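Below is one structure, written out as structure tokens; comments come after it.
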Amino acid sequence: METLLAESVQNSLGHFMYHNAIFIMAQSCYLFALSYFQMDLLTEAETTLCPPNEPTAEVESVENNL
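As numbered in this note's numbering, the sequence shown has no gaps in its residue numbers, which increase by one up to the final residue, 69.
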């Protein structure tokens, strides 16, 4: 699944479809976090949405990118 997502993002970037690439990445982060949350892995869910190397970074809202 990860390979398919990476290929989709690379394909979008290769065709200069930047908004699509951003959308795919934001959606995949959300889905990974939701999966972790449903498995009661709250620390992993939080880390997915707020990477430790970027403590002030947030996943952008999809609405902001349209």
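Where is the CB? At the ideal position from N, CA and C, for every residue including glycine. Keep in mind the model is a prediction, meaning the values are calculated, not measured.
If the criterion is Cβ atoms closer than 8 angstroms, does the pair residue i and residue j meet it?
i: A24; j: S15; result: yes
i: I27; j: S38; result: no
i: Q52; j: A29; result: Per the sequence presented here, residue 52 reads as Leu, with Gln not at that position. Cβ atoms of L52 and A29: not closer than 8 angstroms.
I want to check one thing, is the minimum distance from the CB of residue i to the heavy atoms of the ligand NAP below 7 angstroms?
i: N56; result: Annotation note on the ligand NAP: not contained in the displayed structure, which lists no ligands.
Would you decide whether residue i is buried or exposed? Buried here means 16 or more other CB atoms lie within 10 Å of its CB.
i: N68; result: Residue confidence for N68 is low, a pLDDT of 49 falling below 50, so the modelled location carries little weight; the figure read from the coordinates is stated next. It is exposed - the Cβ of N68 has fewer than 16 other Cβ atoms within 10 Å.
Length-filtered (4 minimum) alpha helix (DSSP H) runs lying within the region 18-52: 21-41, 45-52
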